[in-house]
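Quick note, the sequences are listed as chains A and B, same order.
For the first sequence, this note's numbering gives the first residue as 23, with consecutive numbering after it.
For the second sequence, this note's numbering gives the first residue as 23, with consecutive numbering after it.
The structure appears below as structure tokens.
2 protein chains.
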Amino acid sequence: MSRQRAKAFAPATVGNIAVGFDLLGHALDAVGDTVTIQRLDTPEVVIADILNADVPLPMDPEKNTATAGLVRLIAEKNLSFGFEVTIEKGIALGSGMGGSASSAAASIVAAEALLDEPLSALERFDYALTGEAVASGAAHGDNLAPALFGGIQLVTSIDPVRITPIPAPEGVVCALAHPHARLDTRKARAVLARDFDLHDFIHQSGLLAGFLAACFHNDLEMLEAHLADILIEPLRAPLIVGFEQVKQAALAEGALGCSISGAGPSVFAWCRGEEAGQRTLDAMSTAFRDAGFEVDAYLSPVDARGARLVGENQ
Amino acid sequence: MSRQRAKAFAPATVGNIAVGFDLLGHALDAVGDTVTIQRLDTPEVVIADILNADVPLPMDPEKNTATAGLVRLIAEKNLSFGFEVTIEKGIALGSGMGGSASSAAASIVAAEALLDEPLSALERFDYALTGEAVASGAAHGDNLAPALFGGIQLVTSIDPVRITPIPAPEGVVCALAHPHARLDTRKARAVLARDFDLHDFIHQSGLLAGFLAACFHNDLEMLEAHLADILIEPLRAPLIVGFEQVKQAALAEGALGCSISGAGPSVFAWCRGEEAGQRTLDAMSTAFRDAGFEVDAYLSPVDARGARLVGENQ
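Encoded structure:
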């Protein structure tokens, strides 16, 4: 008999990683969303409950990031059964930590466990991307790929899907500070509606190229020289109160680099090992608190695991 | 007794490689410049002769790309002797094949052979860059690094110097067709004096990132999907008569990608092996001839050697 119930967790993610706007992301195993799915006898999707959401989320399955992909899955696979979905948010909305991608990733992994045949990695990504697109208007996959597959992922195209794992530099940890302020992704995108200078683009391209080579060569000195965003960060930083102080605090602790996670307002830093990571995280959190915010602080290896089944159904 | 005379060859290079404007280049061992240096008893640089130049080149050592770095070398190393330099051009001026870089690279390698102590790789690059800057106004190092060190080189900064070798995909060869037309590098730069759209930047960044990952993963399918220039090529292609036909001819032969070499007008294609490379090169040459040009055609492994001593002094 087929499985009746499954529960999956998908991690938060750091989108862009300073150098790869809309292209790169990595998983953060310290926090994420959890989705539990109970098999229904009818081919439909029902949202049973959404727990721990800091704002009301859509209960219409076609409009919820966790379930829009499942609606497509039922239709395309001609399933005779359906999914009753319970979403438990671990990631705050509009935090820049890839909450939409996390819900969509956890959901497809839980749903897959109820299928007779497993999905391909490509299908998993594609269905989850449908969910993410519902939330963000345009989904780029730079949060979704690491939420699903873990580690650092490069997404250079979603049609056709082109995802490439990038080796994480050994021992590097990510410190992420999330101030309790919400940034509308659309607002964060609006500041980018301008022309750009070729010189800046070449500079930023060099950072991206140097970052990738540093990851492949496992070269922390080179990583430190290239983990920066001179193109997008200067436009978005003014939207994040306290950003400059937080960044300076991280760099003063010897962080390899520090920038905005996704569209913000969360700020991440890559650090040489767990001890340096904890020191950096404390300094970043203090700087955000000094700017008047409550802060959630997370520490995770850069090479964190992606979405997986959890709990009794593991 | 110190060596009295040395002769060095440095290869032509393909700058940009479609994806890495001002950042990437690779060596082409089929053609290059040769510099012969005879020791002088006085600490000065004299240009004895310039052979095979298609236009007159500066005979003032401070203004010639092959010798400007040597003038600095004598001053900074407090040399008691000097260099009489004979330059033999193999690379046509304004061909987009990195002729300035090649002369500068060959010259420093020949001069180094007369020194009591070897230069560091960094010094070699730095002195040669002085020469290249004389010719091109602004030197980026994307031709010079592969001319000196061979293979594919990534230059993300020249101050401080940051050069990283990128592994060449196995067995890939470069077909390069040089039409007998000259393109002024400054004119090719002038068409870039405009604003750019972020969307195009992201697309091009994805091509760069995908290309680098493909090189590190030795993945030709991925390479083929990313070896393209959607940012610069559309602006420069109209300056090169026959470009579209040449590119289509290369792609029709199954080339992995085809674009402008450096600032043009030479056009290069990366191909799966020597046989495919020769077929592609023939098709590209025919297309340029049909457009009314004489053509020089070169075939080389992408992983070609850099500058080295040649001849009796090897």
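Even glycine gets a Cβ: it sits at the ideal position worked out from N, Cα and C.
| message | Three or more C-beta pairs under 8 Å: does that hold for the region 203–219 of chain B against the region 278–294 of chain B? | response | yes
| said: With H, G and I counted as helix, E and B as strand and the rest as coil, what does DSSP make of A:Q60? | reply: strand
| request: Can you say whether A:P260 is buried or exposed, counting buried as having 16 or more other CB atoms within 10 angstroms of its CB? | output: exposed
| field | Within chain A, partners of B:T186 - CB distance below 9 Å | value | A231, G232, A235, A236, H239, D241 and M244
| query | Between the beta-carbon of A:V41 and the beta-carbon of A:L229, is there less than 7 Å? | reply | yes
| request: Kindly identify the DSSP beta-bridge partner or partners of B:K29. | output: B:T58
| To which residues of the same chain is B:R327 closer than 6 Å at the C-beta, ignoring the five residues directly before and after it? | D51 and G172
| task | For B:F31, go through chain A and note every residue whose CB falls closer than 7 Å to its CB, in chain order. | result | Those do not exist, as B:F31 stays about 28 Å from chain A at its closest Cβ, beyond 7 Å.
| task | Answer with buried or exposed for B:N337, where buried requires no fewer than 16 other C-beta atoms within 10 angstroms of its C-beta. | result | Past the edges of chain B, shown from 23 to 336, lies residue 337 of chain B, and the structure says nothing about it.
| query | B:A210 by DSSP, collapsed to three states: which one? | reply | helix
| Limits of the beta strand (DSSP E) - the one that A:H221 falls within | That residue, A:H221, is in no beta strand (DSSP E); its alpha helix (DSSP H) goes L220 to H239.
| field | Secondary structure, alpha helix (DSSP H): runs of 4+ residues fully inside the region 77–140 of chain B | value | 90–98 and 121–134
| request: In angstroms with no decimal places, state the Cα-to-Cα distance between A:A128 and A:P168. | output: 12 Å
| said: List, in chain order, every chain B residue whose beta-carbon is nearer than 9 Å to that of A:D217. | reply: R216, D217, F218, D219 and L220
| message | On the CB-based measure, 16 or more other CB atoms within 10 Å of its CB, does B:Q74 come out buried or exposed? | response | The sequence shown places Asn at residue 74 of chain B, not Gln. The residue is exposed, with fewer than 16 neighbouring Cβ atoms inside 10 Å.
| Boundaries of the beta strand (DSSP E) in which B:F290 is found, first to last residue | V289 to R294
| query | By DSSP, does A:H200 sit in helix, in strand, or in coil? | reply | strand
| task | With 7 Å as the threshold, decide whether the Cβ of B:I224 is near any Cβ in chain A. | result | yes
| field | Neighbouring residues, chain B, relative to A:F43 (Cβ below 9 Å) | value | L220, F223, I224 and S227
| query | Taking the alpha-carbon positions, what's the B:V53 to A:D222 distance? | reply | 34 Å
| request: Report all residues from its chain with a CB closer than 6 Å to the CB of B:I59; omit the five preceding and five following residues, and keep chain order. | output: A28, F105, V107, A132 and A133
| message | Does B:S307 come out as helix, strand or coil in the three-state DSSP assignment? | response | helix
| field | Under 7 Å between C-beta atoms of A:L136 and A:R61 | value | yes
| query | Buried or exposed: where does A:C37 fall if 16 or more other Cβ atoms within 10 Å of its Cβ makes it buried? | reply | Before going further, note that residue 37 of chain A is Gly rather than Cys in the sequence given. With 16 or more Cβ atoms within 10 Å of its Cβ, A:G37 is classed as buried.
| field | B:D217 versus A:Q226: straight-line alpha-carbon distance, rounded | value | 15 Å
| message | Counting only beta-carbon separations shorter than 7 Å, does B:L176 have a partner in chain C? | response | Of the chains in the structure shown, none is chain C; the protein chains are A and B.
| Can you name, in chain order, every residue of its own chain whose Cβ lies under 6 Å from the Cβ of B:V324, other than the five neighbours on each side? | H48, A190, V194 and C196
| field | Interface residues of chain B facing A:H248 [CB-CB closer than 7 Å] | value | T178
| request: Return the Cβ separation of A:A313 and A:Q267 in integer angstroms, given the expectation that the two are a contact with Cβ distance under 8 Å. | output: 6 Å
| request: Report the three-state DSSP secondary structure of A:G279 (helix, strand or coil). | output: strand
| task | Check whether the Cβ atoms of B:A90 and B:V183 sit closer than 7 Å, and answer yes or no. | result | no
| message | Please return the same chain residues whose Cβ sits closer than 7 Å to the Cβ of B:I130, not counting the five positions on each side in sequence. | response | G91, R146, Y149 and A150
| said: Is it buried or exposed, A:G121, if we count other Cβ atoms within 10 angstroms and call 16 or more buried? | reply: buried
| Can you round the beta-carbon distance between A:D44 and A:D181 to whole angstroms, since I take them to be within the 8 Å contact cut? | The Cβ separation is near 14 Å, so there is no contact.
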